[in-house]
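Colleague:
Residue numbers (the numbering used here), protein chains in the order written: chain A, 19 to 300; chain S, 1330 to 1691.
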């Protein structure tokens, strides 16, 4: 009886997921194994070339490598900025926590495109920052911060930092204060309490936050499109162009599946590590 | 091992004093309990001694060292928490080794083995805390606190999360361990039987103030004021008014004054359940009153009666089940006898509304 009602409760969600997520994926899968015939569209014969070319062609390899490197950088910077912020929020007074929460959440209320254009206004060669630097005489030529990794990473960290902070916040808030106090009664200085107790106990949260930010970053489209420009491509913008500019659906589909596979691999790996790290803690 | 000395220790949160001028000396190797109802400031004192809370004023000395402003990790204390507070990500061995490693002990294994042997859990070193029962976790917490050989052991209601049977076992283990190691200990509890059976001296607290600091017998037999008399043992708390050398609770009650009293006026009167003797036959003694048994309940080795004193209040008497008085029935006429030395009279609190303020030691 209980099992039955449980199944009934998850049925709507399963139906939606199968209908709008798994279904289209399966429909697209065959497309990625057909050749692209210029002027004609999707061919009828079968081939693996759409996949192999992603790993043999220098340009495609560069795009994949760049995407992963971007994911790593954004995740790393979001963690380094986000952990102290989340720690402060977890340990401060109720009022300060409310203020900080609002500040962290605020960017989420703004449209993605608006935010990206905001960064363009700041980062471009004639943007606010470069104009200011040149007016102050700190530099004679504008520093290039757009259409390359710098601008992309700045914009992406800004967008995904809240996700990291909230994952870390819930994890840090759950560390029992008694356990930290116990460490300090056992001759551990505050930095050692953090290193030997707080940090290991929040490791699952760190892992979850990193996984989330990494996966969101490598699959983001709008920000790379606007801050990376037409030439500095990552996988998502490449897929977009394959589909809508080159009309090469088979190749676009193959790349989409590769990106999905990377994301799933990262999630699976993180889960395994989490289980190891948590050890007795979970 | 070191002595502990608190001088005029005060902690205020805002305007409210939680601990108000506590002065307390614990001798080397002594086991002292801080006993009081919740909110009396006992845990606050313990946390200040541990350095987890900064006092508003006053000093804390461990041995000859003034540690008032010394950080927790430099105080060389061991603290056992009510919540056990074991490190969930470390094995039992690593939990116990934690303090030793922080102190730079090179070869921790024998010291860990020694500490685990003290609590008879040497075989559990490889387990994680979540794989242990509550009682085992508490013993590991004790071993972890003792392994670095602290100069002072602090215990924050360590037994209150255990079930009754286990609590008795742990009490005995704790007492034996403390005596064998001769470690100065400060034990926070709200359970009077725990405090009475474990302690060399008991410090009774209420509203942030020390009410009495004395041996368990002294606290039990000669309560310093009405609060202590009501808090220790099972009391009949009555109100009366003074008239000469007697106190009128409906019937005149003789008593031996233990605290300074005004010449007349309202007073609190405490008589413990166990200090009311019942007899079928008339007795000639001071404080012998005719009474009727109204209720009888069996509480294990003892029998509890509610008796109504003729012309006076209802009181509770507790007698040994083997005594003749153990066989009384509801409706029986009896003589209730109260030893004047067991009647504790103290001035009614200011305001006299049965409030609980202003009960500083008289």
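We put the beta carbon where it would ideally sit given N, CA and C, even for glycine.
Between which residues of its own chain and residue 1632(S) is the CB-CB distance below 6 Å, once the five residues before and five after are set aside?
Modeller: The residue given as residue 1632(S) occupies position 303 in the second chain. Same-chain partners within the cutoff: 1648, 1650, 1655.
Colleague: Flag this pair as yes or no: are the beta carbons of residue 1344(S) and residue 1513(S) separated by less than 8 Å?
Modeller: Here residue 1344(S) refers to the residue found at position 15 of the second chain. Here residue 1513(S) refers to the residue found at position 184 of the second chain. Not in contact: residue 1344(S) and residue 1513(S) (Cβ atoms no closer than 8 Å).
Colleague: If I follow the unbroken beta strand (DSSP E) through residue 127(A), where does it start and stop?
Modeller: Taking the first residue of the first chain as 1, we reach residue 127(A) at position 109. Run containing residue 127(A): none in the beta strand (DSSP E); it sits in the alpha helix (DSSP H), 112–127.
Colleague: Comparing C-alpha positions only, which one of 1369(S), 1466(S), 1478(S), 1675(S) sits nearest to residue 1585(S)?
Modeller: Residue numbering aside, residue 1585(S) sits at position 256 when the second chain is read from its first letter. Closest option to residue 1585(S), Cα to Cα, is 1675(S).
Colleague: Show which residues of chain S have a CB atom less than 7 Å away from the CB atom of residue 196(A).
Modeller: Here the question's residue 196(A) lines up with position 178 in the first chain. What residue 196(A) touches in chain S: 1410, 1412, 1414.
Colleague: Mind listing, in chain order, the continuous beta strand (DSSP E) runs of no fewer than 3 residues lying wholly within the stretch 244–270 of chain A?
Modeller: Qualifying beta strand (DSSP E) stretches: none in this window.
Colleague: Do we get a CB-CB distance below 8 Å when we pair residue 192(A) with the residues of chain S?
Modeller: Looking up residue 192(A) in the first chain gives position 174. No, because no Cβ of chain S sits closer than 8 Å to the Cβ of residue 192(A).
Colleague: Beta-carbon of residue 207(A) versus every beta-carbon of chain S: anything under 8 Å?
Modeller: Walking along the first chain from the start, residue 207(A) turns up at place 189. Yes, residue 207(A) lies at the interface with chain S (some Cβ there is under 8 Å from its Cβ).
Colleague: Going by C-alpha to C-alpha distance, which of 1661(S), 1619(S), 1612(S) sits closest to residue 1625(S)?
Modeller: Within the second chain, residue 1625(S) is the residue found at index 296, counting from 1. For the residues 1661(S), 1619(S), 1612(S), the minimum Cα distance to residue 1625(S) belongs to 1661(S).
Colleague: Measure the CB-CB distance between residue 89(A) and residue 165(A) and report whether it falls below 8 Å.
Modeller: Here residue 89(A) corresponds to residue number 71 of the first chain, with the count starting at 1. Here residue 165(A) corresponds to residue number 147 of the first chain, with the count starting at 1. Not closer than 8 Å, so no.
Colleague: Is the separation between the beta-carbon of residue 1573(S) and that of residue 1601(S) shorter than 8 Å?
Modeller: By one-based count along the second chain, residue 1573(S) stands at place 244. By one-based count along the second chain, residue 1601(S) stands at place 272. No. Outside cutoff.
Colleague: At a CB distance below 8 Å, what residues from the stretch 1665–1680 of chain S approach chain A? Give them in sequence order.
Modeller: Per Cβ criterion, the list is empty.
Colleague: Keeping to the same chain, check which residues put their C-beta closer than 7 Å to that of residue 252(A); ignore five residues upstream and five downstream.
Modeller: The residue given as residue 252(A) occupies position 234 in the first chain. Here the set comprises 81, 84, 85, 88, 242, 246.
Colleague: So that I know if they touch, is there some Cβ in chain A lying closer than 8 Å to that of residue 1432(S)?
Modeller: The count along the second chain starts at 1 and reaches residue 1432(S) at position 103. At least one chain A Cβ lies under 8 Å of residue 1432(S).
Colleague: For the beta strand (DSSP E) containing residue 205(A), list its first residue and its last residue.
Modeller: As a first step, residue 205(A) is located in the first chain; it is residue number 187 there, counting from the start. Premise fails: residue 205(A) is in no beta strand (DSSP E) and is neither H nor E.
Colleague: Given a cut-off of 8 Å, decide if residue 233(A) and residue 276(A) are closer than it, judged by their beta-carbon atoms.
Modeller: On the first chain, residue 276(A) is found 258 positions in, with the first residue counted as 1. On the first chain, residue 233(A) is found 215 positions in, with the first residue counted as 1. Taking 8 Å as the Cβ cut-off, residue 276(A) and residue 233(A) do not qualify as a contacting pair.
Colleague: Could you have a look at residue 295(A) and say whether DSSP puts it in helix, strand or coil?
Modeller: Taking the first residue of the first chain as position 1, residue 295(A) is located at position 277. Residue state, collapsed to three classes: helix.
Colleague: Could you check which residue in 1617(S), 1431(S), 1599(S) has the C-alpha nearest to that of residue 1607(S)?
Modeller: One-based indexing of the second chain puts residue 1607(S) at position 278. Nearest option by C-alpha distance: 1617(S).
Colleague: From the DSSP output, read off the bridge partner residues of residue 1485(S).
Modeller: On the second chain, position 156 is the one that residue 1485(S) refers to. Its beta-bridge partners are 1517(S).
Colleague: With DSSP as the reference, label residue 1532(S) as helix, strand or coil.
Modeller: Here residue 1532(S) refers to the residue found at position 203 when the second chain is read from its first residue. Note: residue 1532(S) maps to strand in three-state DSSP.
Colleague: Using a Cβ-Cβ cutoff of 7 Å, what residues of the stretch 1374–1403 of chain S are near chain A? List them in chain order.
Modeller: Result list: 1379, 1381, 1401, 1402.
Colleague: What is the DSSP secondary structure of residue 1345(S), counted as helix, strand or coil?
Modeller: Mapped onto the second chain, residue 1345(S) falls at position 16. If DSSP states are grouped into helix, strand and coil, residue 1345(S) belongs with the strands.
Colleague: Around the Cβ of residue 120(A), are there at least 16 other Cβ atoms within 10 angstroms (buried) or fewer (exposed)?
Modeller: Here residue 120(A) refers to the residue found at position 102 of the first chain. Exposed, because fewer than 16 other Cβ atoms sit within 10 Å of the Cβ of residue 120(A).
Colleague: So, for residue 1465(S): in the same chain, excluding its five sequence neighbours on each side, which residues have a beta-carbon less than 8 Å away from its beta-carbon?
Modeller: In the second chain, the residue the question calls residue 1465(S) occupies position 136. Same-chain partners within the cutoff: 1450, 1453.
Colleague: Would you report the Cα separation of residue 1486(S) and residue 1444(S), rounded to the nearest angstrom?
Modeller: As a first step, residue 1486(S) must be located in the second chain, where it is residue number 157. As a first step, residue 1444(S) must be located in the second chain, where it is residue number 115. Going by the C-alpha atoms only, they are around 21 Å apart.
Colleague: Between residue 1407(S) and chain A, is there a C-beta pair that is closer than 8 Å?
Modeller: Position 78 of the second chain holds residue 1407(S). Chain A contact via Cβ: present.
Colleague: If you reduce the DSSP assignment to three classes, tell me which class residue 1661(S) lands in.
Modeller: Against the second chain, residue 1661(S) aligns to sequence position 332. Coil.
Colleague: Classify residue 1690(S) as helix, strand or coil using the three-state DSSP reduction.
Modeller: Start at 1 with the first residue of the second chain, and residue 1690(S) comes out as number 361. With a pLDDT of only 34 at residue 1690(S), under the threshold of 50, the placement of this residue in the model should not be trusted, and no figure is reported.
Colleague: Got a sec? Which residues, its chain only, sit under 6 Å from residue 1537(S) by beta carbon, not counting five neighbours each side?
Modeller: The residue you call residue 1537(S) lines up with position 208 of the second chain. Answer for residue 1537(S): 1346, 1347, 1348, 1349, 1370, listed in chain order.
Colleague: Chain A partners of residue 1519(S), CB-CB under 8 Å?
Modeller: As a position in the second chain, residue 1519(S) is number 190, starting the count at 1. Per Cβ cutoff of 8 Å: no residues; residue 1519(S) is ~18 Å from chain A at best.
Colleague: Hey, how far is the Cα of residue 1673(S) from the Cα of residue 1628(S)?
Modeller: Numbered from its first residue, the second chain carries residue 1673(S) at position 344. Numbered from its first residue, the second chain carries residue 1628(S) at position 299. Approximately 25 Å, taken between the alpha carbons.
Colleague: Would you kindly report the start and end of the unbroken alpha helix (DSSP H) that includes residue 81(A)?
Modeller: As a first step, residue 81(A) is located in the first chain; it is residue number 63 there, counting from the start. Element bounds for residue 81(A): 76–109.
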